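Presented below is the structure to which this report refers.
There are 2 protein chains.
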Amino acid sequence: MEDSPRPLDPALLERILVQATTGPSDYNLQPWRFLVVRDDRNRRRLRAAAWNRPEITRAPAVVIVLGYHFPVRSHLDPMLEQAVAEGHCSPAKAAEIRGRAVAALGRIVDHELWATRSAMLAASRLMLAADSLGVASTMLEGFDADTLRREFGIPDDHSTCAVIALGHEAEPDSTPGRFGLDEVCYSEHFGQPWRA
Amino acid sequence: MEDSPRPLDPALLERILVQATTGPSDYNLQPWRFLVVRDDRNRRRLRAAAWNRPEITRAPAVVIVLGYHFPVRSHLDPMLEQAVAEGHCSPAKAAEIRGRAVAALGRIVDHELWATRSAMLAASRLMLAADSLGVASTMLEGFDADTLRREFGIPDDHSTCAVIALGHEAEPDSTPGRFGLDEVCYSEHFGQPWRA
Numbered sequence: 014m015e016d017s018p019r020p021l022d023p024a025l026l027e028r029i030l031v032q033a034t035t036g037p038s039d040y041n042l043q044p045w046r047f048l049v050v051r052d053d054r055n056r057r058r059l060r061a062a063a064w065n066r067p068e069i070t071r072a073p074a075v076v077i078v079l080g081y082h083f084p085v086r087s088h089l090d091p092m093l094e095q096a097v098a099e100g101h102c103s104p105a106k107a108a109e110i111r112g113r114a115v116a117a118l119g120r121i122v123d124h125e126l127w128a129t130r131s132a133m134l135a136a137s138r139l140m141l142a143a144d145s146l147g148v149a150s151t152m153l154e155g156f157d158a159d160t161l162r163r164e165f166g167i168p169d170d171h172s173t174c175a176v177i178a179l180g181h182e183a184e185p186d187s188t189p190g191r192f193g194l195d196e197v198c199y200s201e202h203f204g205q206p207w208r209a
Numbered sequence: 014m015e016d017s018p019r020p021l022d023p024a025l026l027e028r029i030l031v032q033a034t035t036g037p038s039d040y041n042l043q044p045w046r047f048l049v050v051r052d053d054r055n056r057r058r059l060r061a062a063a064w065n066r067p068e069i070t071r072a073p074a075v076v077i078v079l080g081y082h083f084p085v086r087s088h089l090d091p092m093l094e095q096a097v098a099e100g101h102c103s104p105a106k107a108a109e110i111r112g113r114a115v116a117a118l119g120r121i122v123d124h125e126l127w128a129t130r131s132a133m134l135a136a137s138r139l140m141l142a143a144d145s146l147g148v149a150s151t152m153l154e155g156f157d158a159d160t161l162r163r164e165f166g167i168p169d170d171h172s173t174c175a176v177i178a179l180g181h182e183a184e185p186d187s188t189p190g191r192f193g194l195d196e197v198c199y200s201e202h203f204g205q206p207w208r209a
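Chains Y and F, in that order, give the protein sequences. Each residue of the first sequence is one higher than the last, beginning at 14 in this note's numbering. Each residue of the second sequence is one higher than the last, beginning at 14 in this note's numbering.
Below is the structure:
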C-alpha cells in the first residue's frame, strides 16, 4: 500500500507547477525545469537514488527540480517572441534586450551555479504554492545526482537541484528551530550586527 | 531626493527577514545570510557594483543574500544545542543527527553550489514575504560579485547569491510572460512531455 498512495489531483499538481514558474530569472530565461515522477515503479527507482527515504514512495508525486545551463542558446528568442506576441514589448525593445542578454550571459563562468540560482527560486515557489493549496511538501536532503541522471535520462547540461515530495503528510521535523537574525543578518557591512 | 527614499518601517523589514529564514535546509544548517544596506552612501556604492541600476538608490533597503559555505564547521553544534534546548529532540537524537550531518556534508564537493541552493530558497521566501506584507521587491539581474565583496567586506567563504531591492515601486517588466508547462515540465523521464 505504501507504494500506491492516494494520487494527487492532477489539476492541483498542475496549478502548483504553474505557480512555481512565476518567479523572476535573469532576462526571463526561466532555466528551471521540473521532472514529475508519479509512477510507482519510477518512485521506487527514485527512492533508491535518495538514501532510500520512505517519503518518496509514500508521496503520490515527486518533483525533481532541474537547472538548465544554456537557455540563452535555445530559449532567448522564443521568450522574446512571446513577449512581443503578447504585447509586452516592441520588436525594437526585444532586439535591445537580446543584445544585452547575450552580452551579460556570455560573461557567466559557472553555468551550473547560474542555473541553480533560478531553479532553487522556483523550487521554493513550488513548495510555498503547494502549502497554500493544502498540499504537504518535503524537500529531501540527500540524493545521488549521478544515479538520478542515469535513471531518468537527465542530460549533463541540466543540474539536479532539488527533490521535492508532494502530497504526503510531512514527517515531524526533529530540528525545526531557526537561528535568530543576530546570527544570520548584518547591517551595512559584513560582520556588523543586525539592528532593526 | 532619489537617494533618500521614504524609509521602510524597521519592524516590517525585520518581519520580512525573519520569514526569509523559515525555509528548510540540509540538516537545518541555514547557510543563508542577509546583508541589509539602507545607508544612502552605501546604497550608492552598491549601485555602482550593480550596473548602476537606479532601483538600488530608489529603494530604501537593499538585501544582499549570501550563501555561507561551511556552517557545518561553525553552526552544527549551536543548531543542535538549540534543538535540544527547545525540546525538539533528545541529546541522543542530536548526537545521531550530528554524525549523519558530518558524514553527509563531508561528501560535498562544491560548497558554493551547496550554499547557493539554500540561499536562493531564502531569497525566494524573502521576496514572497515582502509581497505578502505589501512591500515591492525586485531581484536585480546583474551585479559584480568581486566589487560587492570588496565594498562590503564579504569573505571568500560567503557567496553573493542575489541582490534584492525592497520597498520601491517595481519597474514595469518588459518581458513578464512565462513559458507553458509544455516547455519546462516533463513526466516520468527527462524529455517526455508533461501531461497532467
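We put the CB at the ideal spot given by N, CA and C, even for glycine. Given the structure is predicted, the values throughout are model-derived calculations rather than measurements.
Neighbour list for residue i in chain Y, Cβ cutoff strictly below 8 Å
{"i": "F:Arg130", "result": "Thr129, Met133, Cys174, Ala175"}
{"i": "F:Phe83", "result": "Under the 8 Å cutoff, chain Y gives no residues; its nearest Cβ is about 14 Å from F:Phe83."}
{"i": "F:His124", "result": "What F:His124 touches in chain Y: nothing, since even the nearest Cβ is about 11 Å away."}
Per DSSP, cross-strand counterpart(s) of residue i
{"i": "F:Tyr40", "result": "Its beta-bridge partners do not exist; DSSP assigns none."}
{"i": "F:Phe47", "result": "Y:Cys198, F:Val78"}
{"i": "F:Ser87", "result": "Partner(s): none; F:Ser87 has no beta bridge."}
{"i": "Y:Thr160", "result": "According to DSSP, Y:Thr160 bridges with nothing at all."}
{"i": "Y:Val176", "result": "Y:Ile77"}
{"i": "F:Pro206", "result": "F:Tyr199"}
{"i": "F:His171", "result": "F:Tyr81"}
Amino acids of chain F, ordered along the chain, whose beta-carbon sits closer than 8 Å to that of residue i
{"i": "Y:Gly204", "result": "Gly166"}
{"i": "Y:Asp52", "result": "Glu201"}
Unbroken beta strand (DSSP E) run spanning residue i, endpoints
{"i": "F:Ile77", "result": "74-81"}
{"i": "Y:Ser150", "result": "150-152"}
Chain Y contact for residue i (CB, 8 Å cutoff)
{"i": "F:Gly119", "result": "no"}
{"i": "F:Gly180", "result": "no"}
{"i": "F:Ala72", "result": "no"}
{"i": "F:Ala209", "result": "yes"}
Proximal residues of chain F, C-beta to C-beta of residue i below 9 Å
{"i": "Y:Phe192", "result": "Thr34, Gln43, His88, Pro91, Met92, Gln95"}
CB contact check: residue i to chain F, cutoff 8 Å
{"i": "Y:Gly147", "result": "no"}
{"i": "Y:Met14", "result": "Model confidence at Y:Met14 stands at a pLDDT of 40, short of 50, so the residue's coordinates are unreliable and nothing is read from them."}
{"i": "Y:Ser17", "result": "no"}
{"i": "Y:Val115", "result": "no"}
{"i": "Y:Phe47", "result": "yes"}
{"i": "Y:Ala24", "result": "yes"}
{"i": "Y:Pro37", "result": "yes"}
{"i": "Y:Leu141", "result": "yes"}
{"i": "Y:Arg138", "result": "yes"}
{"i": "Y:Asp157", "result": "no"}
Neighbour list for residue i in chain Y, Cβ cutoff strictly below 7 Å
{"i": "F:Glu99", "result": "Gly190"}
{"i": "F:Leu30", "result": "Leu194, Cys198"}
Closer than 7 Å at the beta carbon, the chain F residues around residue i
{"i": "Y:Arg66", "result": "Here the premise fails: no neighbours, minimum Cβ distance about 12 Å."}
Range of the contiguous alpha helix (DSSP H) that encloses residue i
{"i": "F:Pro20", "result": "Segment: none, F:Pro20 is in no alpha helix (DSSP H) and carries neither H nor E."}
{"i": "Y:Ala10", "result": "Because chain Y in this structure spans residues 14 to 209, residue 10 of chain Y falls outside the shown range and cannot be described."}
- Count the CB pairs spanning the stretch 168-177 of chain F and the stretch 56-76 of chain F that are closer than 8 Å, and state whether there are at least three. Contact between the stretch 168-177 of chain F and the stretch 56-76 of chain F is present, because at least three Cβ pairs lie under 8 Å.
- Cβ pair count under 8 Å reaching 3, the stretch 188-200 of chain Y against the stretch 114-125 of chain Y: Three or more Cβ pairs closer than 8 Å define a contact, and the stretch 188-200 of chain Y falls short of that threshold against the stretch 114-125 of chain Y.
- Do the stretch 49-56 of chain F and the stretch 147-163 of chain F touch if we need at least three Cβ pairs shorter than 8 Å? No contact exists between the stretch 49-56 of chain F and the stretch 147-163 of chain F.
- Message: When you compare the stretch 24-38 of chain Y with the stretch 125-145 of chain Y, are there three or more beta-carbon pairs, one atom per stretch, that lie closer than 8 Å?
- Response: Pairwise C-beta distances place the stretch 24-38 of chain Y in contact with the stretch 125-145 of chain Y, as three or more of them are shorter than 8 Å.
- Is there contact between the stretch 87-97 of chain F and the stretch 141-156 of chain F, where contact requires at least three CB pairs shorter than 8 Å? Under the 8 Å Cβ criterion, the stretch 87-97 of chain F does not count as touching the stretch 141-156 of chain F, having fewer than three qualifying pairs.
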